[in-house]
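If you're matching positions, the sequence shown starts at 624 in our numbering and goes up one per residue. The beta carbon of each residue, even a glycine, is placed where N, CA and C say it ideally should be. It should be emphasised that the depicted structure is a prediction, and the values quoted were computed from it without experimental measurement.
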Amino acid sequence: MSGSISRPGFRLRRSGARDALSGDACSLYDLDLRAPVAWVFGGEGQGVSPAVLACATRHVLIPMPGAIESLNVGAAVAVCLFEQARQLGSR
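Here it is in structure tokens:
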């Protein structure tokens with residue numbers, strides 16, 4: 624892992640079911656995503672390595688209504704990047 628991943632001012636964000644269950648995740652829609660953000664997404668099976676996860680400053684969940692338990696990683700990426708683009712468009 625590169626040392627640059629944890630340099631000051633470089634923030635990591637992660638989306639994933641494990642974080643949503645841990646209780647320390649916040650809703651994607653409550654975040655201000657207009658500042659630079661580095662997104663880290665883990666695959667459904669392996670997730671994100673503990674070393675990379677330790678660099679994350681924020682854990683993010685995508686609120687979903689009803690009985691939907693999770694999105695696949697491709698869908699989660701699309702939702703997160705769309706929300707960031709939506710917020711950046713409002714500058």
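Below 7 Å CB to CB, which residues in the same chain sit around residue i once its five sequence neighbours on both sides are set aside?
i       : result
Leu-644 : Its pLDDT being 44, under 50, Leu-644 is placed unreliably in this model, and the coordinates cannot settle the point.
Ser-650 : Leu-684, Pro-686
Asp-653 : none
Taking the continuous alpha helix (DSSP H) assigned at residue i, which residues delimit it?
i       : result
Arg-681 : No alpha helix (DSSP H) holds Arg-681; the beta strand (DSSP E) holding it covers 681 to 684.
Ala-677 : 673 to 678
Assign residue i to one of three DSSP states: helix, strand, or coil.
i       : result
Val-702 : helix
Val-663 : strand
Ala-658 : coil
Gly-689 : coil
Leu-694 : coil
Arg-709 : helix
In the DSSP output, what is residue i paired with across the bridge?
i       : result
Cys-649 : Val-683
Gly-670 : Gly-666
To which residues of the same chain is residue i closer than 6 Å at the C-beta, ignoring the five residues directly before and after it?
i       : result
Val-700 : Phe-664
Gln-707 : Leu-656
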